[in-house]
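*Asks:* Take the sequence shown: its letter number 21 is residue 21 in UniProt numbering, and every next letter is one higher. Even for Gly, the Cβ is constructed at its ideal location relative to N, Cα and C. These numbers were taken from a predicted model, which means no experiment stands behind them.
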Amino acid sequence: MSPLQNQIPYGDDNQKGEDQKSLLLLFFLSSPQGICFTRTTEDARNHMAAIANTIFSPETAARFDKLATIYPVKRSALIPMLLYAQDEVGYVSDEVVAELAKRLDLLELDVRNVLSYYSMLRTKPAGKYNVQVCTNISCMLRGGFELLDHCKHTLGIGHKGVTPDGLFSLEEVECIGACCWAPAVQVNYDFHDDLTPAKMDAVLADYREGRGKDVK
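#1: Assign H153 to buried or exposed, taking buried as 16 or more other Cβ atoms, counted over all protein chains shown, within 10 Å of its Cβ.
#2: Output the boundary residues of the alpha helix (DSSP H) element that contains N113.
#3: Using the Cβ count rule (16 or more neighbours within 10 Å means buried), how would you classify P183?
#4: How about L67 and P80: are their beta carbons less than 8 Å apart?
#5: Taking the straight line between their C-alpha atoms, what separation do you get for D149 and A198?
#6: Check the DSSP bridge columns for L170 and list the partner residues they point to.
#7: Would K74 pass as a contact of L104 if the rule is Cβ separation under 8 Å?
#8: Helix, strand or coil for E146? Go by DSSP, reduced to three states.
#9: Counting beta carbon pairs with one atom in the segment 156-173 and one in the segment 122-130, are three or more of them shorter than 8 Å?
#10: Quickly, what does DSSP pair H153 with across the bridge? List them, please.
#11: By alpha-carbon positions, which one of E146, R211 and A205 ends up nearest to T196?
#12: Consult DSSP for A190 and reduce its assignment to one of helix, strand or coil.
#13: Apply the 10 Å Cβ neighbour rule to Y118 and answer buried if 16 or more other Cβ atoms are within range, or exposed otherwise.
#14: If we ignore side chains and look at the alpha-carbon of each, how far apart do D201 and P72 end up?
#15: Just mark N113 as buried or exposed, buried being the case when its beta carbon has 16 or more other beta carbons within 10 Å.
#16: If distances are taken between C-alpha atoms only, which option among S57, Y91 and N130 comes closest to V185?
#17: Would you give the residue range spanned by the alpha helix (DSSP H) that T60 belongs to?
#18: Work out the CA separation of N53 and A98 for me, nearest whole Å.
#19: Which residue or residues does DSSP assign as beta-bridge partners of V185?
#20: Can you give the Cα-Cα distance for L204 and Y189, rounded to whole angstroms?
#21: Mapping DSSP to helix, strand and coil, what is G212?
#22: Which term fits G212, buried or exposed, when burial requires 16 or more other beta carbons within 10 angstroms of its beta carbon?
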């Protein structure tokens with residue numbers, strides 16, 4: 001006999017069956033699945049409102065619509081959506097949080113919990129060029145901290161800082177997957193490796209003068 005059956009008082013088999021049905025229905029309605037079931041109409045309205053009043057470009061909004069359909073559980077699309085949103089807006093603003101929550105039928109708190117966990121997601125604007133200096137072990141052994149200090153001095157900002165002109169921001173980051181070419185720096189999505197302070201100055205000058213790898 002299951003623990004559930006042990007908890008159900010009954011006098012005869014018919015009463016037992018009715019009590020089991022009632023208790024199972026109560027469990028269903030109080031579960032996340034049950035809650036989602038009862039909120040289907042409301043969630044659909046929220047989703048349509050998010051699409052109609054989107055803050056994103058048509059291309060990004062279409063990408064979100066596709067992402068929401070390719071995962072078995074819709075909320076699994078949250079992280080890629082956050083990354084695409086950050087690329088377009090520059091950071092994850094309150095408006096971004098609100099729209100993604102509606103698109104994925106989540107609470108805004110659910111989105112903020114994920115947002116607070118991943119250091120690569122930003123809640124404040126970054127510079128046009130986000131300079132990420134790796135100080136993990138391979139880069140550390142080959143001058144990563146010295147390179148970070150040089151960037152701080154050259155740009156006049158610290159970790160998570162933004163230059164007054166909004167052109168550069170600076171971050172100290174963990175491994176960026178370029179250990180064989182340490183010390184390495186990532187500017188937006190572009191890698192620069194085997195760097196020295198002099199080479200770093202040249203990299204920054206290229207971006208400052210519009211010659212960076214990803215300058216459009």
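*Replies:* Put simply:
#1: exposed
#2: E108 to Y117
#3: buried
#4: Yes, the pair counts as a contact, with Cβ atoms nearer than the cut-off.
#5: 13 Å
#6: V131
#7: Taking 8 Å as the Cβ cut-off, K74 and L104 qualify as a contacting pair.
#8: helix
#9: yes
#10: H153 pairs with nothing; no bridge assigned.
#11: E146
#12: At residue 190 the sequence reads Asp, which differs from the Ala that was named. The answer is strand: DSSP assigns D190 an E or B state.
#13: Flag for Y118 reads exposed.
#14: 47 Å
#15: exposed
#16: N130
#17: P58 to I70
#18: 11 Å
#19: V133 and H192
#20: 15 Å
#21: coil
#22: Classification for G212: buried.
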